Amino acid sequence: MIASRQEGAARWRHRRRGRLQWPMLLALMVLWVMLWGQLTVANLLGGLAVAIVVKVVFPLPPIIFEGKLRPLSIIRLIGFFVSGMLQASIEVSIEILRPREPRNALIEVPLRGDSDLVLTLTAEIVCLIPGSVVVEVHRTTHTLYVHSLNVRDDEAVEHARAHVYDIERRVVDAMGSQAHREAVRAASSPKGGRK
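In structure tokens:
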């Protein structure tokens with residue numbers, strides 16, 4: 002899998018070297034105009050020049066979307082996220098008010114798929130729910146390193162890891178490809194190894 006990713010990245014660099022991504026250029030131009038606070042021809046041209054320089058000097062790999070948007074699963078993901086934020090906010094508040102010192106852990110969580118989009122969205126949701134933050138991401142191995150609050154024993158470590166896997170599963174259900182969904186389900190099953 003890693004060799005094919007490296008080959009794909011090399012092909013991408015070769016194809017993209019002379020090409021600019023117009024949606025990204027437009028977004029950078031809008032940001033430039035917003036920073037200056039005035040919509041003028043000079044600001045638009047200056048924004049275009051800066052955007053081209055940024056895209057040429059700092060090219061980003063494209064995030065390829067091979068999945069399918071599932072509206073009902075997206076609504077469930079949003080509901081899970083909102084309820085998780087509320088519940089975690091209460092738990093973090095209680096933990097802060099306790100007189101004892103909290104125990105934390107840095108947990109390695111190798112994700113079960115190989116989609117950069119799922120990796121990014123899972124990491125963002127983990128960071129936005131209070132009590133945990135992603136401190137490092139390894140794109141080549143699709144591994145997240147999560148700092149988690151109130152982890153006192155091995156059972157709590159596994160619970161925190163299972164929480165990240167649950168987030169990944171919900172993201173994949175909402176917008177993953179059928180093959181990715183099946184891979185996550187297989188890995189989630191007792192025979193699949195990871196929980």
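If you want the numbering used here, it's the 1-based position in the sequence shown plus 1.
The beta-carbon is built from N, C-alpha and C at its ideal position, and this holds for glycine as well.
Just so you know, these numbers come straight off a predicted model, no measurement behind them.
Check your understanding: Nearest-angstrom Cα distance between Asp-115 and Leu-70?
Key -> Those two C-alpha atoms are separated by around 18 Å.
Point to revise | Closest by C-alpha distance to His-164, when choosing among Asn-44, Val-31, Phe-66 and Phe-82 | key: Checked all of Asn-44, Val-31, Phe-66 and Phe-82; the closest Cα to His-164 is Phe-82.
**Study point:** Beta-carbon gap between Ile-108 and Ser-149 smaller than 8 Å
**Key:** Against a cut-off of 8 Å, the Cβ pair of Ser-149 and Ile-108 comes out as a contact.
Practice item. Check Leu-27 in the structure and name its three-state DSSP category. Key: The answer is helix: DSSP assigns Leu-27 an H, G or I state.
Exercise for review: Measuring alpha carbon to alpha carbon, tell me which of Arg-113, Lys-56, Ala-161 and Leu-49 ends up nearest Cys-128.
Suggested key: Checked all of Arg-113, Lys-56, Ala-161 and Leu-49; the closest Cα to Cys-128 is Ala-161.
Check your understanding: Looking at C-beta atoms only, is the number of pairs between the segment 172 to 186 and the segment 135 to 150 that lie closer than 8 Å three or more?
Key -> By the C-beta criterion, the segment 172 to 186 is judged not to be in contact with the segment 135 to 150, since fewer than 3 inter-stretch pairs fall below 8 Å.
Practice item. My understanding is that Leu-87 touches Val-172, with C-beta atoms under 8 Å, so please give their C-beta distance in whole angstroms. Key: Taking C-beta atoms under 8 Å as the contact rule, Leu-87 and Val-172 fail to qualify, at a distance of about 19 Å.
Check your understanding: According to DSSP, what are the bridge partners of Tyr-146?
Key -> DSSP lists Glu-109 and Glu-137 as partners of Tyr-146.
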